[in-house]
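J.:
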Amino acid sequence: DPEKLFKLAMEKVGKHNLPLPRKPSYEDTEFEIPEDPDELTTIELGQNMMRATAFYGYCKRLLGVLDAELIPLDAAYNLTVTQRGNLLRVDPVFKNRSGEIIEAAILAQNEDLTPLLARRVELRSIKALLEARLDIYDKVYINLSRELSRREVESRGV
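Numbers in my numbering are just positions in the sequence shown, counted from 1, shifted up by 48.
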């Protein structure tokens, strides 16, 4: 049961008392990325770097929780489809068919898999969005850090 595996994973990790990043308290729903970081003061650069770090940490937390649910769900779905697919391949009509055709036939014959598939697709979509945001926060941090380093080198006259 994927739900039991998810709860078990959360309990096991919870026993280690590892702190988790909180949701950033910023009210903004959009993260403004400066077109020219040269216009920012050093303090503003640092603040934007910390904001990117806060969002990165929280997003990574959400991704971990999502993966903890998705992994057992994927395993249960794949196991069920494989088992039912093996039974279906006995039929001469399905003997040399591709995996996608077998899976489609299984889904058509077994409505009990529909909620599992729907949740799986939903989680994969959310995962793609979270991974994209992680990339954004990472790039923002890297570029602001690069600007900060450039300023430090310039101030030394190197």
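Every residue, glycine too, gets a C-beta built ideally from N, C-alpha and C.
Looking at the structure shown, is Ile-184 part of a helix, part of a strand, or coil, going by DSSP?
T.: DSSP places Ile-184 in helix when its eight states are reduced to three.
J.: Could you tell me the distance, in whole angstroms, from the CA atom of Ile-119 to the CA atom of Glu-87?
T.: Answer to the nearest angstrom: the Cα atoms are 44 Å apart.
J.: Under 8 Å by Cβ, that's how I've got Leu-165 and Leu-155 pegged, so tell me the actual separation to the nearest angstrom.
T.: With 8 Å as the limit, Leu-165 and Leu-155 qualify as a contact, their Cβ atoms being about 7 Å apart.
J.: Taking Cβ positions only, does Leu-121 come closer than 7 Å to chain C?
T.: No chain C is present in this structure, which holds just one protein chain.
J.: Would you kindly work out how many angstroms separate the C-alpha atoms of Lys-71 and Arg-204, rounded to a whole number?
T.: When rounded, the distance between both Cα atoms is 38 Å.
J.: Taking 7 Å as the cut-off, decide whether the C-beta atoms of Leu-111 and Leu-53 are in contact.
T.: In this structure, Leu-53 does not lie closer than 7 Å to Leu-111 by Cβ.
J.: So what's Arg-167 in DSSP terms, helix, strand or just coil?
T.: Three-state DSSP puts Arg-167 in a helix.
J.: When DSSP labels each residue in this structure, what does Leu-68 get in the three-state scheme?
T.: It is coil, neither helix nor strand.
J.: Within the same chain, show all residues whose beta-carbon is closer than 8 Å to that of Thr-162, passing over the 5 residues directly before and after it, in chain order.
T.: Cβ neighbours of Thr-162 beyond the five flanking positions: Leu-155.
J.: Determine the extent of the alpha helix (DSSP H) in which Lys-60 is found, giving its start and end residues.
T.: It spans 50–62 - the alpha helix (DSSP H) in which Lys-60 sits, taken as one unbroken run.
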